[in-house]
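Each residue of the sequence shown is one higher than the one before, counting from 11 in my numbering.
Presented below is the structure to which this report refers.
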Amino acid sequence: MRVTCAQIHIESADVAGNTDRAVSAIERAASEGSDLVVLPEIFNVGYFAFDSYARAAEPLDGETLTTIRETARDCGVGVLAGSIVEDLAASDDAPEGDLANTSVLFGRDGERLAVYRKHHLFGYESAETELLTPGEELSVASFEGHTVGMSTCYDLRFPELYRELAELGATLVCVPSAWPYPRVEHWQLLPRARAVENQLYVATANGSGQFGEAELLGRSAVYDPWGTTLAGSNDDPTLVHATVDPDTVAATREEFPAWRDRRR
Numbered sequence: 011m012r013v014t015c016a017q018i019h020i021e022s023a024d025v026a027g028n029t030d031r032a033v034s035a036i037e038r039a040a041s042e043g044s045d046l047v048v049l050p051e052i053f054n055v056g057y058f059a060f061d062s063y064a065r066a067a068e069p070l071d072g073e074t075l076t077t078i079r080e081t082a083r084d085c086g087v088g089v090l091a092g093s094i095v096e097d098l099a100a101s102d103d104a105p106e107g108d109l110a111n112t113s114v115l116f117g118r119d120g121e122r123l124a125v126y127r128k129h130h131l132f133g134y135e136s137a138e139t140e141l142l143t144p145g146e147e148l149s150v151a152s153f154e155g156h157t158v159g160m161s162t163c164y165d166l167r168f169p170e171l172y173r174e175l176a177e178l179g180a181t182l183v184c185v186p187s188a189w190p191y192p193r194v195e196h197w198q199l200l201p202r203a204r205a206v207e208n209q210l211y212v213a214t215a216n217g218s219g220q221f222g223e224a225e226l227l228g229r230s231a232v233y234d235p236w237g238t239t240l241a242g243s244n245d246d247p248t249l250v251h252a253t254v255d256p257d258t259v260a261a262t263r264e265e266f267p268a269w270r271d272r273r274r
């Protein structure tokens with residue numbers, strides 16, 4: 011399977027423009043042979059546009075995700091629309107609360123395969139913990155021979171979440187993110203560590219753009235079960251492509267049996 015991390019430029023509170031850029035990235039990725047396209051965290055509003063969260067919040071069948079769903083269907087490609095600010099009051103299956111940081115995985119036909127609401131909300135120089143409700147459930151879905159797990163940005167600092175996804179059968183974990191400077195080393199270390207310790211693929215899709223004093227650092231990447239970087243980028247808008255094979259996960263665990271040697 012060919013996975014693409016769409017590192018798009020994100021303008022603060024420019025929902026229409028950001029959504030158009032996401033659509034263009036999906037269309038281009040599909041034309042370049044992608045099977046699954048991963049978008050950044052809160053790609054339509056911009057993660058650091060906290061003052062816009064409430065008025066830009068949408069239900070799962072709102073305008074942004076409907077546009078992405080239709081683009082996935084029209085292009086015949088899977089899309090992890092990660093993420094938007096979800097209006098929880100409009101979602102029947104949502105936890106109690108007002109807003110959530112929510113990602114949705116769409117299949118090639120536009121069918122909704124999985125929903126993930128970010129578990130670990132970021133409080134360091136961020137208003138996320140004040141504005142949003144954390145999710146409670148993990149999500150995996152079958153797609154093109156992989157079991158795809160979903161997480162979001164700050165979740166990378168909590169290895170137990172990734173171990174649980176691996177226990178659920180994940181062979182690829184996708185991580186929509188809005189990771190800013192200056193924490194470049196953390197951004198490059200943590201997903202590689204999650205790949206190595208769980209012997210699976212990790213694909214990180216970060217944004218590009220400036221939000222006042224916060225600047226997204228880009229550097230989207232795909233890591234294999236050995237922690238090798240299969241593809242990566244700098245901080246400019248781009249598409250990051252890599253081929254990920256579920257058989258490689260099984261072969262890695264067979265060759266180096268750390269997964270089997272775990273004591274619980």
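Note that beta-carbon positions come from the ideal geometry of N, C-alpha and C, so glycine has one too.
Spatial neighbours of residue i within its chain, please: C-beta separation below 7 Å, excluding the five flanking residues on both sides.
i: residue 258; result: 234 and 235
i: residue 29; result: 54, 74 and 77
i: residue 262; result: 209, 235 and 236
i: residue 65; result: none
i: residue 31; result: 18 and 19
Can you pull the DSSP bridge partners for residue i?
i: residue 88; result: 46
i: residue 97; result: 109
i: residue 69; result: DSSP lists no partner for residue 69.
i: residue 250; result: 15
i: residue 156; result: 153
i: residue 225; result: 220
i: residue 241; result: 232
i: residue 214; result: 185 and 231
i: residue 124; result: 115
i: residue 256; result: Note: residue 256 sits in no beta bridge, so no partner.
i: residue 201; result: Residue 201 is not bridged to any residue.
i: residue 190; result: 226
Would residue i pass as a contact of residue j if the rule is Cβ separation under 9 Å?
i: residue 217; j: residue 50; result: yes
i: residue 120; j: residue 82; result: yes
i: residue 210; j: residue 182; result: yes
i: residue 59; j: residue 23; result: yes
i: residue 186; j: residue 215; result: yes
i: residue 232; j: residue 25; result: no
i: residue 190; j: residue 225; result: yes
i: residue 175; j: residue 125; result: no
Considering only residues of the same chain and omitting the five flanking positions on each side of residue i, which have a CB-CB separation below 6 Å?
i: residue 204; result: 172 and 212
i: residue 131; result: 138, 139, 142 and 144
i: residue 123; result: 115, 117 and 151
i: residue 164; result: 130 and 132
i: residue 27; result: 21
i: residue 127; result: 110, 112 and 145
Could you compute how far the alpha carbon of residue i sits from the alpha carbon of residue j?
i: residue 147; j: residue 134; result: 23 Å
i: residue 86; j: residue 33; result: 13 Å
i: residue 196; j: residue 39; result: 27 Å
i: residue 227; j: residue 56; result: 14 Å
i: residue 52; j: residue 251; result: 21 Å
i: residue 80; j: residue 46; result: 15 Å
i: residue 277; j: residue 266; result: The displayed coordinates of the chain run from 11 to 274. Any statement about residue 277 would go beyond what the structure contains.
i: residue 178; j: residue 159; result: 9 Å
i: residue 91; j: residue 16; result: 10 Å
i: residue 180; j: residue 157; result: 5 Å
i: residue 274; j: residue 241; result: 34 Å
i: residue 95; j: residue 188; result: 13 Å
i: residue 89; j: residue 63; result: 23 Å
i: residue 255; j: residue 169; result: 23 Å
i: residue 219; j: residue 21; result: 7 Å
i: residue 19; j: residue 253; result: 24 Å
i: residue 192; j: residue 161; result: 22 Å
i: residue 206; j: residue 166; result: 13 Å
i: residue 154; j: residue 249; result: 20 Å
i: residue 112; j: residue 43; result: 27 Å
i: residue 93; j: residue 260; result: 30 Å
i: residue 268; j: residue 84; result: 42 Å
i: residue 35; j: residue 223; result: 26 Å
i: residue 11; j: residue 37; result: 17 Å
i: residue 97; j: residue 198; result: 32 Å
i: residue 264; j: residue 271; result: 11 Å
i: residue 149; j: residue 61; result: 29 Å
i: residue 41; j: residue 221; result: 31 Å
i: residue 72; j: residue 184; result: 23 Å
i: residue 194; j: residue 136; result: 18 Å
Give me, in chain order, the residues of the same chain whose beta-carbon lies closer than 8 Å to that of residue i; leave out the 5 immediate sequence neighbours on both sides.
i: residue 304; result: Residue 304 lies beyond the stretch modelled for the chain, which goes from 11 to 274, so this question has no answer here.
i: residue 99; result: 108
i: residue 239; result: 202, 231, 232 and 233
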